[in-house]
Every structure is written in structure tokens, then in C-alpha cells.
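Peer 1: Shown below is the structure under consideration.
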């Protein structure tokens, strides 16, 4: 790893100096009122790097793309509850090699809401969009609010999201082995060398929590806990759907039901033995009888609940199909 004590100072508009940028296809020019515009060095590639459908001439389209690729509105809204979900440290992000040591497979996602979120044996990581390697892009669209830039009302939110997102990569890639894993998973472009990347990403390691959006004040998040707190935080039943088949949905209930069944079976068997050994113990016999009835009712209600869940799932899918068919007909 390159030295982290001799890092060139960044410019006022970008968190890294022009000399370490890893995408040089863009440049900026000053327009009226001191604002900048983004240009391509290659006239045949007048689009945002990595996004051919987003032309550089459409500033509003670029802002929409940046928002779509970087912001995390759901997690920001859940910020008051995130202390119940994860360790309260932004540095709590395991490196890629450490993720493998913990038994987690690296799964590529393009959803910024899922970046550095893990579920059982998987961790979701969003690849770095090529435009974030460009000094000109940061200068024009992600500069500090004190500098004139396009759509300055949205610049602060986008900059905070971008800084937090890039800071997470400072923790994800700590060693050359992490860098190799990142390239294998196509998290960073293949043409970027290890020393080049480290010289670039080191500038995000010192970004303070005060400069990032609420989501990135925390590090990696557990998806099961996000789903648990989605209802009070977002008013939704879940943060992210994790089960797509009926069998998978019902399988999550098998273990607790079997555990409860085994526990109750042992209790009922013990009560039966005690009642046979001490038949004159009327109080115990009465309690055992009521407990047996409660167990029967509990198992019956569990079966009814499973049936109602199946009916609800089927009904929901039918209603969705009917609405989709009606919309297509209109």
C-alpha cells in the first residue's frame, strides 16, 4: 500500500487533487455567473462516463443520474433507528477480504440503498461509477455549496452522499488482496492499477462524519434488522424484499415453530408422567389440562396464521396482476 502520510492536498472543489484523478475524459469550462459546464475531451463520447444514455448537454439529466446512483433517501429517513441496526461507527466497514473471512459472498448491486448492507452469507456492494473518478465532475456537480455550480440547491445533498459512499471504499479496500477482489467483482475498472487507486481513495479516508449524509455516519448494516425497523421508520412492512418464492417465505418460520413444538412436547410429556405418578395431585392435574388445551389452541392458531399468510400472498399477486392487466388495457 502506498504511503498515507504524504498525500497531495485536494483543490477547493474536489476532495482529491487533479493529479490523482482516474478518469480524464471530462473537462470543465466556465460559463456566465462563474458557473461551470461539463465537456468531453472526446467529441464522439459526449455522455457521462459509464452512462451513455446521459448526455453531458443535459444538466438536469446528469443531476437526476447522480441522485439515482448516490443518494439513500430510505436509509437517511431511518437514521433515528440505525443505532438499533448497526454499530455506531462509520469505520465499521469490513474490508473485502474480511467479508470473505466472515463467510459473506460479495454480491454486486446497483442500488445505493443496499451498498455495504449484508444478509446472512451475502454482502451487497455497489461498484464505483466511473464519473466519480473525474475531478471535473466533482468540480461542476459535486463542489462545496460555497462555490458556484449547476443546481447548487441539490449540490450539498449529492456531495454528502458521494463523500460517504467513496469513504466506504477507503475501508473496503485496505490491502492489495482487497483490490484484487474488487477487480474480480468488477467493483472498480480493470484498467486502474493498485497504486493509482490507493493514491486516489486515500483522500476520502479523512472525510469527517459531518461532511456525509446520515446513512454513512454508520458503516455496514444488517438487512434483517433494517426490515425489522422498516415499519416504524418508513411505514412499510420491509426495507428490502429478501424472499421471492413461497417456499422461502414459509421456510423462515420452520425453525421457530419446530423449536416451540419440541419445547412444548417435552413439557407435555413431563406433565403426563407427573400426573400418572401423583394421580391425587388435583391442582397439578387441573393446570396440566389447561396447559394442554392452550397448546392445542396455539398450534391450531399457528396453522391458521400460515394459511392466512398464503391467502394474503396469493391475493396480493392476483391484485397486482389485475391492476397491471387493466393498465395495459387502458
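Numbering (my numbering), first residue to last: 1190 to 1519. Ideal placement from N, C-alpha and C gives every residue a C-beta, glycine not left out.
In the DSSP assignment, find the unbroken beta strand (DSSP E) run with residue 1389 in it and report its ends.
Peer 2: As a working mapping, residue 1389 is identified with position 200 in the chain shown. Premise fails: residue 1389 lies in the alpha helix (DSSP H), 1383–1390, not in any beta strand (DSSP E).
Peer 1: First and last residue of the alpha helix (DSSP H) that includes residue 1420?
Peer 2: Within the chain shown, numbered from 1, the residue matching residue 1420 stands at position 231. Looking at the DSSP string, the run of the alpha helix (DSSP H) that includes residue 1420 is 1419–1423.
Peer 1: Which residues mark the beginning and the end of the alpha helix (DSSP H) in which residue 1324 is found?
Peer 2: Looking up residue 1324 in the chain shown gives position 135. Taken as a continuous stretch (DSSP letters only), the alpha helix (DSSP H) holding residue 1324 covers 1324–1330.
Peer 1: Quick one: give me the first and last residue of the beta strand (DSSP E) that residue 1294 is part of.
Peer 2: As a first step, residue 1294 is located in the chain shown; it is residue number 105 there, counting from the start. Looking at the DSSP string, the run of the beta strand (DSSP E) that includes residue 1294 is 1294–1297.
Peer 1: List the whole-angstrom C-beta distance separating residue 1596 from residue 1306, where the pair is believed to meet the contact cut-off of C-beta under 8 Å.
Peer 2: Shown here, the chain extends from 1190 to 1519; a query on residue 1596 therefore has no answer.
Peer 1: Can you find at least 3 beta carbon pairs, one from the segment 1397–1407 and one from the segment 1340–1356, that sit closer than 8 Å?
Peer 2: yes
Peer 1: For residue 1243, collect the residues of the same chain with a Cβ closer than 7 Å to its Cβ; drop the 5 residues on either side in sequence, then sort them by chain order.
Peer 2: Taking the first residue of the chain shown as position 1, residue 1243 is located at position 54. Once the five neighbours on either side are set aside, the close Cβ partners of residue 1243 are 1236, 1237, 1250, 1251 and 1254.
Peer 1: Spatial neighbours of residue 1414 within its chain, please: C-beta separation below 6 Å, excluding the five flanking residues on both sides.
Peer 2: For the purposes of this step, residue 1414 is taken as residue 225 along the chain shown, with counting starting at 1. Excluding positions up to five away in sequence, the list reads 1274.
Peer 1: Three or more C-beta pairs under 8 Å: does that hold for the segment 1322–1333 against the segment 1288–1306?
Peer 2: No, the segment 1322–1333 does not touch the segment 1288–1306.
Peer 1: Using a Cβ-Cβ cut-off of 6 Å (strictly less than) and excluding sequence neighbours within five positions of residue 1460, which residues of its own chain qualify?
Peer 2: By one-based count along the chain shown, residue 1460 stands at place 271. The residues are 1477.
Peer 1: Pull up the distance between the alpha-carbon of residue 1393 and that of residue 1204, whole angstroms please.
Peer 2: Residue numbering aside, residue 1393 sits at position 204 when the chain shown is read from its first letter. Residue numbering aside, residue 1204 sits at position 15 when the chain shown is read from its first letter. Each residue's alpha carbon lies about 7 Å from the other.
Peer 1: Would you mind working out which of 1351, 1288, 1434 and 1215 sits nearest residue 1503, comparing C-alpha positions?
Peer 2: On the chain shown, residue 1503 is found 314 positions in, with the first residue counted as 1. The residue with the shortest Cα to Cα distance from residue 1503 is 1434.
Peer 1: Rounded to whole angstroms, what's the CA-CA distance from residue 1437 to residue 1446? Just pull it up for me.
Peer 2: Your numbering for residue 1437 matches position 248 in the chain shown. Your numbering for residue 1446 matches position 257 in the chain shown. If I take the Cα positions, the gap works out to 15 Å.
Peer 1: Among the candidates 1319, 1501, 1422 and 1492, whose CA atom is the shortest distance from the CA of residue 1267?
Peer 2: Numbered from 1 along the chain shown, position 78 holds the residue referred to as residue 1267. Here the closest residue by C-alpha is 1422.
Peer 1: Check residue 1272 in the structure and name its three-state DSSP category.
Peer 2: The sequence position of residue 1272 within the chain shown is 83, counting from 1. It is helical.
Peer 1: On the CB-based measure, 16 or more other CB atoms within 10 Å of its CB, does residue 1368 come out buried or exposed?
Peer 2: In the chain shown, the residue the question calls residue 1368 occupies position 179. Result: buried.
Peer 1: Please report the distance separating the alpha-carbon of residue 1313 from that of residue 1462.
Peer 2: On the chain shown, position 124 is the one that residue 1313 refers to. On the chain shown, position 273 is the one that residue 1462 refers to. Spanning the two alpha carbons is a distance of roughly 52 Å.
Peer 1: Contact check, residue 1228 vs residue 1245 under 8 Å by CB: the rounded distance?
Peer 2: The count along the chain shown starts at 1 and reaches residue 1228 at position 39. The count along the chain shown starts at 1 and reaches residue 1245 at position 56. That pair is a contact at about 7 Å.
Peer 1: Would you tell me roughly how many angstroms separate the C-alpha atoms of residue 1289 and residue 1257, rounded to the nearest one?
Peer 2: As a position in the chain shown, residue 1289 is number 100, starting the count at 1. As a position in the chain shown, residue 1257 is number 68, starting the count at 1. Computed Cα separation, rounded: 29 Å.
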